[in-house]
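Structure first, then comments.
Numbering (mature numbering (1 follows the signal peptide of the UniProt record, and there is no 0)), first residue to last: -20 to -1, 1 to 172.
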């Protein structure tokens, strides 16, 4: 056992650390609720790395679902280069509309490789309805991912367990939202 552990640690030390980020895939409602802004926008041109420690992405916002007028007026989203989690829109796809969720930092709209950034046409109707308003109703609920496929115990009154590997995965991920029911407890319900 010790030999296996020692060899495993030595093999890890033999390779330099990478700059890649590792982040769990959030439920879209969690991404929405934990973001300062959520927009539907097109990326304009190649990323600009002229500023130190920042990548600038030009955007054209079509709709701001969260963040109000400040989000509606965005024309640039930024990503930090120094932490190894930078988002670079290098697909040369400047005609498609994306849903972009991020944080505001010192007046800058900031995204990274863990931010929710997805083509709008890949979302289904329940998800679009969610980002346009129904997810906001559940922001006082916490979605707890169950990574093992089995959710241990019972959720508290302000939680919904998200079974990422079970039979309800697709339904919970794309068709449902976690919000308070008539009894005041958080529960899964249809997003539409």
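Just so you know, even glycine gets a beta-carbon here, dropped at the ideal spot from N, CA and C.
*Can you have a look at residue -12 and say buried or exposed, based on whether 16 or more other CB atoms are within 10 angstroms of its CB?*
Counting from one through the chain shown, the residue named residue -12 turns up at place 9. Note that residue -12 has pLDDT 35, beneath the 50 cutoff, so the model's placement of it is unreliable and no number is given.
*Exposed or buried, residue 91, counting other C-beta atoms within 10 Å across all chains shown (16 or more means buried)?*
Here the question's residue 91 lines up with position 111 in the chain shown. Buried is the call here.
*Sort 158, 120, 35, 42 by Cα distance to residue 20 and report the nearest one.*
Here residue 20 refers to the residue found at position 40 of the chain shown. The shortest Cα separation from residue 20 among 158, 120, 35, 42 belongs to 42.
*With DSSP run on the structure shown, which of helix, strand or coil describes residue 153?*
On the chain shown, position 173 is the one that residue 153 refers to. Residue state for residue 153 is assigned as helix, using DSSP reduced to three classes.
*Have a look at the DSSP bridge pairing and note the partners of residue 167.*
Taking the first residue of the chain shown as 1, we reach residue 167 at position 187. Here residue 167 is bridged, per DSSP, to 159.
*Are there 16 or more other CB atoms within 10 angstroms of the CB of residue 4, so buried, or fewer, so exposed?*
Against the chain shown, residue 4 aligns to sequence position 24. Classified as exposed, residue 4 has fewer than 16 neighbouring CB atoms from the shown chains inside 10 Å of its CB.
_According to DSSP, is residue 93 part of a helix, a strand, or is it coil?_
By one-based count along the chain shown, residue 93 stands at place 113. Coil at residue 93, not helix or strand.
*Give every residue of the same chain whose Cβ lies closer than 6 Å to the Cβ of residue 179, excluding the five residues on either side of it in the sequence, and list them in chain order.*
In the structure as shown, the chain begins at -20 and stops at 172. Residue 179 is therefore absent and cannot be evaluated.
*Compute the distance between the beta-carbons of residue 121 and residue 159, then report whether it is under 8 Å.*
Along the chain shown, read from residue 1 onward, the residue named residue 121 stands at position 141. Along the chain shown, read from residue 1 onward, the residue named residue 159 stands at position 179. Their beta carbons are under 8 Å apart, which means residue 121 touches residue 159 by this criterion.
*Quick one: what does DSSP say residue 102 is sitting in, helix, strand or coil?*
Within the chain shown, residue 102 is the residue found at index 122, counting from 1. Three-state DSSP puts residue 102 in a helix.
*Exposure of residue 114, with buried meaning 16 or more beta-carbon neighbours within 10 Å*: Reading the chain shown from its first residue, position 134 is the one you call residue 114. Counting Cβ neighbours within 10 Å, residue 114 comes out buried, since at least 16 surround it.
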